[in-house]
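What follows is a set of notes on a single structure, which appears directly below.
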Amino acid sequence: MSVLSVEVVSPAGEAWTGEATQVSVPLINGELGVLPGRQPLLAVLGSGPVRLSPVDGEMRRIEVSGGFCSVDHDVITIAADHVKQDAEA
Numbered sequence: 028m029s030v031l032s033v034e035v036v037s038p039a040g041e042a043w044t045g046e047a048t049q050v051s052v053p054l055i056n057g058e059l060g061v062l063p064g065r066q067p068l069l070a071v072l073g074s075g076p077v078r079l080s081p082v083d084g085e086m087r088r089i090e091v092s093g094g095f096c097s098v099d100h101d102v103i104t105i106a107a108d109h110v111k112q113d114a115e116a
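Residue numbers (my numbering): 28 to 116.
Below is the structure:
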């Protein structure tokens, strides 16, 4: 099974790191769904929830605003200006 290596960070530190089967990211012009095998991209974050489906647990939701999202070779880096983490989606 292919997975995504995900890191969500902010100036305050690391919010979440792990492997996920899918990730949904809020952008300034909509929402981006990322699955393994996605073409590389760099996008500007909007405000809203990042939804993660970790391989070893329940869906997670992390509120972000500002920053950017990078996808390259199944590695996603979400560098947000502000992060507020919720336990569940």
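In this text, a Cβ means the ideal position worked out from N, Cα and C, and glycines have one as well. Quick caveat, the model's predicted, so the values are computed rather than measured.
- prompt: Do residue 50 and residue 103 come within 8 Å of each other at the CB atom, strictly closer than that value?
  reply: Taking 8 Å as the cut-off, the Cβ atoms of residue 103 and residue 50 count as close.
query: Which word fits residue 38, buried or exposed, when buried means at least 16 other C-beta atoms lie within 10 angstroms of its C-beta?
result: The Cβ neighbour count for residue 38, taken over all protein chains shown within 10 Å, is under 16; the residue is labelled exposed.
query: residue 46 by DSSP, collapsed to three states: which one?
result: DSSP places residue 46 in strand when its eight states are reduced to three.
- request: Look at the Cβ atom of residue 77, then the Cβ atom of residue 54, and state whether they are nearer than 8 Å.
  value: When the beta-carbon positions are compared, residue 77 and residue 54 stay at least 8 Å from each other.
- prompt: If you count every other CB in all the chains shown that lies within 10 Å of the CB of residue 59, and 16 or more means buried, which is it?
  reply: Under this definition residue 59 is a buried residue.
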